[in-house]
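All remarks here apply to the structure that follows.
There are 4 protein chains.
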Amino acid sequence: MGIDISHAQTVEVGYDEFCGALAARDLQPLWKIAKQLMPDVPIPTTQPWLWKWDDVLPLAKRAGELITLERGGDRRVLALANPGLRGLPFTSTTLWAAFQYLGPHESAPAHRHTPNAIRFVLTGSGVYTTVNGDACDMEPGDLILTPNWNWHDHNNLGDQPMVWFDGLDLPLLTTLESIFFENHPQQLQQVEGHNRSEQGFAGVGLRELGASSPPAHSPLLRYRWAETERTLEVLHQASGNPLSSLEFVNPLTGGPAVSTFACEMHRLYPGTRTPSVRKTGSSVYVVFQGSGRSVINGVRFDWGPGDSFVAPSWARVDHEASERADLFAISDRPVLNALHLFREETLAEHQEVSGTFVPLKGVEISADQS
Amino acid sequence: MGIDISHAQTVEVGYDEFCGALAARDLQPLWKIAKQLMPDVPIPTTQPWLWKWDDVLPLAKRAGELITLERGGDRRVLALANPGLRGLPFTSTTLWAAFQYLGPHESAPAHRHTPNAIRFVLTGSGVYTTVNGDACDMEPGDLILTPNWNWHDHNNLGDQPMVWFDGLDLPLLTTLESIFFENHPQQLQQVEGHNRSEQGFAGVGLRELGASSPPAHSPLLRYRWAETERTLEVLHQASGNPLSSLEFVNPLTGGPAVSTFACEMHRLYPGTRTPSVRKTGSSVYVVFQGSGRSVINGVRFDWGPGDSFVAPSWARVDHEASERADLFAISDRPVLNALHLFREETLAEHQEVSGTFVPLKGVEISADQS
Amino acid sequence: MGIDISHAQTVEVGYDEFCGALAARDLQPLWKIAKQLMPDVPIPTTQPWLWKWDDVLPLAKRAGELITLERGGDRRVLALANPGLRGLPFTSTTLWAAFQYLGPHESAPAHRHTPNAIRFVLTGSGVYTTVNGDACDMEPGDLILTPNWNWHDHNNLGDQPMVWFDGLDLPLLTTLESIFFENHPQQLQQVEGHNRSEQGFAGVGLRELGASSPPAHSPLLRYRWAETERTLEVLHQASGNPLSSLEFVNPLTGGPAVSTFACEMHRLYPGTRTPSVRKTGSSVYVVFQGSGRSVINGVRFDWGPGDSFVAPSWARVDHEASERADLFAISDRPVLNALHLFREETLAEHQEVSGTFVPLKGVEISADQS
Amino acid sequence: MGIDISHAQTVEVGYDEFCGALAARDLQPLWKIAKQLMPDVPIPTTQPWLWKWDDVLPLAKRAGELITLERGGDRRVLALANPGLRGLPFTSTTLWAAFQYLGPHESAPAHRHTPNAIRFVLTGSGVYTTVNGDACDMEPGDLILTPNWNWHDHNNLGDQPMVWFDGLDLPLLTTLESIFFENHPQQLQQVEGHNRSEQGFAGVGLRELGASSPPAHSPLLRYRWAETERTLEVLHQASGNPLSSLEFVNPLTGGPAVSTFACEMHRLYPGTRTPSVRKTGSSVYVVFQGSGRSVINGVRFDWGPGDSFVAPSWARVDHEASERADLFAISDRPVLNALHLFREETLAEHQEVSGTFVPLKGVEISADQS
């Protein structure tokens with residue numbers, strides 16, 4: 302039974318030639334790289350990093366002047382490219398975050414793709430995203446889902462630009478080699494109704510009799526800021542803790558809003574530093590309002606409205622607000638949970654702070670008054 | 302509500318300077334790379350590739366002479382490094398396959414790690430792998446699990462070397478930045494019993510009353526070849542098809558044996574070419590016995606016992622045996638299923654064959670009779 | 302193999318003596334009763350029936366004068382006893398419904414039991430039910446859960462009596478021989494907080510990060526009428542249908558609020574008769590507001606506020622409001638779903654009405670002005 | 302808000318007249334019956350009982366002479382009627398057990414019904430049950446499923462009678478008012494294959510790739526005695542315990558073979574009395590081989606091959622074999638688990654034995670040598 306190797310030959314070569322023979326045959330010897338492949342704890346390539354709103358916003362506006370939204374590009378998006386990822390336009394190894402800028406009276410054309418996407422609105426008004434015919438209004442603080450293979454286009458009817466934070470699973474789906482993309486036959490979808498997805502979900506724990514869920518994502522496509530804020534406030538009043546955290550979930554199943562990452566909101570109250578926590582998987586935060594600082598692996602990151610930062614897997618992280626602050630975040634925890642890989646631990650003591658993050662690597666560019 | 306941008310500035314720079322300003326701030330413009338990031342269908346970096354047993358075996362034997370098994374390296378493993386992955390020692394973007402060589406009277410020391418691993422035995426006898434104290438015998442055609450965070454060591458009591466095929470989720474866990482590793486305090490574990498995991502599973506559909514499953518993997522750690530072969534034969538007699546395919550599953554749940562990839566066995570009967578199929582996710586095959594050829598994206602790969610090959614995501618694949626052949630395979634389908642990303646389609650016609658794969662890129666090395 | 306019956310004897314008796322011999326040995330011959338045991342479609346013993354509020358309320362008030370709430374009885378409850386169930390105090394074969402009357406400044410002592418119970422408030426104010434230390438306020442239209450093995454007591458701080466509708470799975474648990482009951486060591490529980498269960502659920506699709514669900518029931522114990530009504534209204538505006546139906550669910554899982562029956566709210570708009578539907582399993586309705594009529598198996602049941610009625614399994618049922626009406630209902634559908642026994646069909650045409658239900662079987666009792 | 306009761310009247314009647322008024326209106330006062338409805342622990346109506354093979358077999362044979370198998374009766378079945386259930390032909394409140402006798406060259410016609418049924422063969426050979434076209438051979442010790450709404454007929458090609466033990470959920474489905482029944486258009490189904498359901502399940506933990514499960518029951522319809530016995534033996538060798546217990550499960554999900562009750566096999570080794578256990582839900586046992594005794598709530602039940610007995614919910618139960626014994630059992634545990642009602646406890650000491658069960662209530666009937 303099994304392959305007969307009784308007549309197998311060896312090759313009488315020295316170690317160097319042997320290594321060369323391996324390389325020539327697309328073989329790699331594990332024993333040379335075992336510790337890099339299998340470190341004792343995760344050694345992320347994702348770097349802790351922060352992008353300043355004061356850097357992003359002028360460039361986003363300039364992009365609004367320089368770039369049009371046409372088939373091919375489709376979107377005016379500035380991606381947060383993690384310097385640890387060797388030039389890839391990804392924010393962590395699994396998550397992709399970006400700022401998207403939609404000028405007054407602009408529309409971004411309709412398409413669909415297998416990557417799940419969410420939009421968290423930072424500024425602007427009078428915009429709606431049409432998802433499979435349902436025009437979902439977008440106001441600051443709202444979370445809008447454009448899940449896997451759902452048609453979507455964005456439309457700004459107002460006189461002001463809108464900027465939102467984009468969260469996608471693009472790096473993970475690149476690794477999974479599972480990206481499909483399709484343009485809609487029309488430039489924009491026919492609108493069949495407004496905020497329809499909310500109609501079945503007017504009350505907590507109340508479900509239309511007979512309602513069922515699409516297998517892969519929440520049927521609720523818009524989570525309004527007013528609901529989010531009220532929930533944060535109630536959680537705070539109930540616990541008295543300096544940190545209230547909630548997850549946006551599928552109301553029909555309690556599972557994550559999209560299958561590949563979690564959407565979270567964290568409200569920090571000033572005066573207390575949260576415990577240092579480390580967990581597997583990365584998170585990308587964007588500050589909706591307020592200011593403060595986070596310590597990631599001993600480095601202090603100061604942040605204010607519109608700033609965005611990323612914490613890699615197994616990094617020590619704590620936060621402290623200097624004024625009450627609301628941070629939206631995406632995290633790949635659902636993937637780790639599904640694969641039984643999630644670990645989390647709270648450190649007994651706060652980590653020491655050994656430095657402060659200074660993002661800008663190059664020269665300053667001058668910004669004229671517009 | 303929202304961030305006030307009424308006083309926001311733009312930057313009066315031309316397009317080139319604008320692009321430079323983005324790069325200096327770790328921002329990347331999506332519109333330049335949209336089609337690469339979001340192709341219409343998956344464009345894998347994983348290349349279809351094949352590793353010849355006749356290349357691997359002499360080098361594995363030579364490694365047996367040159368390399369000892371000690372703490373640090375721990376294993377004598379030749380990894381199948383896909384040329385598409387720019388030097389990474391991975392077989393696809395999610396899967397890692399390797400040949401492991403354990404010489405007579407050798408032991409590979411005890412450790413554990415979060416990557417799930419499986420071993421499919423190609424040749425040899427008299428070996429056991431101890432998994433959390435349970436000594437699992439290894440014979441040709443057997444599948445042995447050493448799942449996430451289970452202690453394991455390998456022991457060859459016999460006079461012949463053993464070679465097995467290793468399958469791990471190492472690339473995926475590298476992307477998920479979730480690898481933990483620990484050496485066992487002893488060189489080898491204490492053996493508490495032999496083939497104990499099989500004791501609860503002596504009959505199909507029969508479960509010890511009150512038995513429960515570890516959350517992340519099958520409690521059955523050894524799948525014997527005799528059972529596998531009998532099942533393949535029964536499936537063939539029932540269907541009459543030229544291809545019988547089975548999956549190794551957790552007998553307590555029906556789910557995959559480990560959470561991050563599927564273990565499969567395919568028996569091909571000569572005389573018929575299977576339909577061309579493409580599906581999301583990659584698969585790595587190793588030939589246990591028999592010979593034939595597979596066509597992957599129009600290129601013909603000829604294979605015989607011990608040869609291993611990889612099919613990337615969304616590649617067209619069909620097989621044809623020249624004599625009855627058994628192919629063991631691993632596939633990342635469970636991950637795609639869990640995230641609602643699995644797609645599969647069967648092509649109406651066979652793909653055309655435009656070339657034949659020739660693996661060896663460099664010079665021949667001479668092998669002396671040992 | 303098997304039991305040896307080669308030497309078995311027969312008994313030389315005639316048919317009558319044979320039947321007697323069976324009876325004497327606690328055996329019953331199936332062939333005589335096959336059609337009763339296995340009818341072509343369900344032949345419920347549960348009868349369609351209706352209880353008039355005008356009958357119930359005076360008796361409930363009188364019970365308030367005659368009966369005190371003490372250990373032993375514990376509750377002042379008038380159970381809806383279905384005449385088809387041969388004297389059993391059950392409303393259907395699986396469901397128990399009752400009216401509970403709690404006088405001003407009264408308390409019903411603390412206990413717990415395995416039957417799940419829900420309370421739907423019909424009239425009164427200033428009452429709370431303490432569930433495991435959480436004082437849940439009760440106002441008209443509110444639904445309060447006192448699930449399996451949760452301590453609960455009821456307290457009326459006001460000057461008015463409260464009457465609510467009780468729904469329990471008592472008949473099913475009697476059949477399952479699974480009823481446990483325990484008195485609390487104190488007459489009333491210590492109140493540890495007010496409406497605490499609502500704190501985690503202030504917004505739809507928003508979950509406290511890390512929240513988990515008790516396995517058997519919703520963590521939300523109070524569903525306020527204002528939320529229920531708003532949801533009914535939104536559903537109606539969305540669909541335009543004369544019937545809006547919702548289910549009260551566990552917000553963490555989307556499953557039923559308690560494991561053994563569903564809690565539903567139906568809003569009927571006047572002017573349209575709903576289609577005739579039949580489904581497996583029974584439902585008990587109580588009218589919260591409005592009036593109308595339901596046709597059950599051809600018999601018309603007229604109803605107004607406070608009336609309660611039961612529809613048996615596989616009965617044809619349709620409804621028509623004469624003024625906008627809200628009906629609360631409990632149904633054993635979750636049990637049938639869990640056991641893969643649920644069937645439902647909508648009839649192509651309305652059923653004919655062959656009669657009108659007249660509940661009162663006996664003499665009228667006179668009611669003085671109180 | 303709520304029903305206005307400000308003008309509600311009371312009824313000035315004494316307690317007796319009040320009770321009469323309730324009864325006249327189909328209302329029952331809980332306070333009079335609270336302890337019966339809600340006992341501290343289950344008070345089963347199911348009685349512990351035993352049916353002797355020596356009583357059953359001669360009557361079954363006589364039934365074979367007196368009763369033919371025709372449309373209407375369809376089956377020659379002697380049901381085990383529990384004396385506690387007031388004449389109902391049920392063995393417990395949820396389970397129905399019976400002995401079915403199929404004479405040489407007889408067939409029982411094809412029908413289907415929503416009650417799940419299983420057949421455990423006690424004696425005979427050369428019989429098959431056709432389930433949806435699949436002819437499943439029946440040999441002693443085999444378990445055959447004829448699940449919810451699957452067509453089935455029984456056929457004896459041999460010269461000997463077959464007797465099997467029938468297990469059904471008939472009492473539970475009667476309570477759930479969910480029984481449907483249909484005769485097949487033909488007297489017997491067309492046989493499309495033999496033991497086909499076994500073809501996909503030739504090895505433990507091996508599943509045909511792409512196989513899926515019917516939602517409500519196991520796709521494997523025959524569990525052969527040889528597999529069952531081998532598994533019992535392996536479990537015993539592994540544990541050394543005097544009791545080995547297994548459950549027959551759906552190999553694709555690990556769940557119960559049918560949704561409404563568990564099928565179990567218990568092997569007892571002589572010389573040791575098992576611990577006393579009590580659990581919610583009832584079990585019906587039939588002795589396949591061997592002899593011994595069980596103590597149920599202090600009463601000793603002696604049993605040998607072919608005897609059958611029932612243990613009610615929450616009864617104390619222990620067993621002791623006088624020679625190695627195999628007991629097949631059905632239990633409603635899956636229902637209790639699904640509804641979160643299962644409880645089980647092992648008593649620290651053996652129960653005292655206060656009496657011995659003597660089943661026969663009436664006169665002896667004489668059995669002639671056949």
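In the order they appear, the protein sequences are chains A, B, C and D. Going by this note's numbering, the first residue of the first sequence is number 302, and it counts up by one from there. Going by this note's numbering, the first residue of the second sequence is number 302, and it counts up by one from there. Going by this note's numbering, the first residue of the third sequence is number 302, and it counts up by one from there. Going by this note's numbering, the first residue of the fourth sequence is number 302, and it counts up by one from there. Ideal placement from N, C-alpha and C gives every residue a C-beta, glycine not left out.
In the assembly as shown, serine 560(B) is a buried residue. Its beta-carbon has 16 or more other beta-carbons within 10 Å.
The three-state reading of DSSP puts proline 472(D) in helix, counting H, G and I together. Listed in chain order, the positions of the segment 504–529 of chain A with a beta carbon within less than 9 Å of a beta carbon of chain C are Gly504, Val505, Gly506, Leu507, Arg508, Glu509, Leu510, Gly511, Ala512, Ser514, Ser519, Leu521, Tyr524, Arg525, Ala527, Glu528 and Thr529. From the beta-carbon of asparagine 449(C), the residues of chain D found nearer than 8 Å are His641 and Leu642. Unbroken alpha helix (DSSP H) runs of no fewer than 4 residues, entirely contained in the segment 333–358 of chain D, are not found. Against glycine 593(C), chain D offers no close residue; the least beta-carbon distance is about 16 Å (beta-carbon pairs closer than 7 Å). Any Cβ of chain B closer than 8 Å to the Cβ of glycine 425(A) would place that residue at the interface, and such an atom is present. Taking 8 Å as the cut-off between beta carbons, none of the residues of the segment 595–607 of chain A comes near chain C. Annotation note: the segment 564–603 of chain A contains the following uninterrupted beta strand (DSSP E) runs of length 3 or greater, listed N- to C-terminal: 578–580 and 584–597. In the displayed model, arginine 634(A) falls within a helix according to three-state DSSP.
Around the beta carbon of alanine 649(D), fewer than 16 other beta carbons lie within 10 angstroms, which makes this residue exposed.
At a cut-off of 8 Å between beta-carbon atoms, tryptophan 615(C) makes contact with chain D. The bridge partners DSSP lists for valine 312(C) come to none.
Phenylalanine 466(D) has a beta carbon lying at 8 Å or more from every beta carbon in chain C. Between the segment 607–620 of chain D and the segment 545–556 of chain D, the count of Cβ pairs shorter than 8 Å is below three; the stretches do not touch. Rounded to whole angstroms, the gap between the alpha carbons of aspartate 317(A) and leucine 379(B) is 15 Å.
The way I'd put it, the segment 604–617 of chain D does touch the segment 567–586 of chain D; three or more beta-carbon pairs between them come closer than 8 Å.
Where arginine 531(B) is concerned, the enclosing alpha helix (DSSP H) starts and stops at 526–540. The beta-bridge partner set that DSSP reports for asparagine 457(D) consists of Val428(D). Listed in chain order, the non-local C-beta contacts of aspartate 460(B) below 7 Å within the same chain comprise Pro405, local neighbours out to five positions each way being set aside.
Taken through DSSP and simplified to helix, strand or coil, phenylalanine 319(D) comes out as helix. For aspartate 435(D), the closest alpha carbon among the candidates Gly656(D), Pro520(D) and Asn383(D) is that of Pro520(D). When the alpha-carbon of glutamine 500(C) is set against those of Thr415(A), Arg531(A) and Arg387(A), the nearest one is in Arg531(A).
Following the DSSP letters along the chain, one finds phenylalanine 400(A) inside the beta strand (DSSP E) bounded by residues 397–403. Taking threonine 647(A) as the centre and dropping the five residues before and after it, the same chain places the C-beta of Pro576 and Val578 closer than 6 Å to its C-beta, in chain order. When C-beta distances to chain A are compared with 8 Å, the residues of the segment 546–558 of chain C below that value are Ser546, Leu547, Glu548, Phe549, Val550, Asn551, Pro552, Leu553, Thr554, Gly555 and Ala558, in chain order. For valine 659(A), there is no enclosing beta strand (DSSP E), since its DSSP letter is neither H nor E.
In the structure shown, arginine 326(A) falls within a coil segment according to DSSP collapsed to helix, strand and coil.
Between the segment 504–511 of chain C and the segment 363–371 of chain D, the count of C-beta pairs closer than 8 Å stays below three; the two stretches do not touch. If you check each beta-carbon in the segment 470–504 of chain B against every beta-carbon of chain D, the ones closer than 9 Å belong to Gly494, Arg497, Glu499, Gln500, Gly501, Phe502, Ala503 and Gly504. The shortest C-alpha to C-alpha distance from valine 611(D) to any of Pro384(D), Ser545(D), Lys336(D) and Glu313(D) is the one to Pro384(D). Per the C-alpha coordinates, the member of Glu483(B), Gly599(B), Ala626(B) and Cys564(B) positioned closest to serine 592(B) is Ala626(B).
Apart from sequence neighbours up to five positions away, the residues of its chain that approach glycine 468(C) with a beta-carbon distance below 6 Å are Ala398, Ile419 and Ile631, ordered along the chain. For arginine 523(C), DSSP records a beta bridge to Ile445(C). Listed along chain B are Arg497, Gln500 and Gly501, each with a C-beta nearer than 8 Å to that of alanine 539(D).
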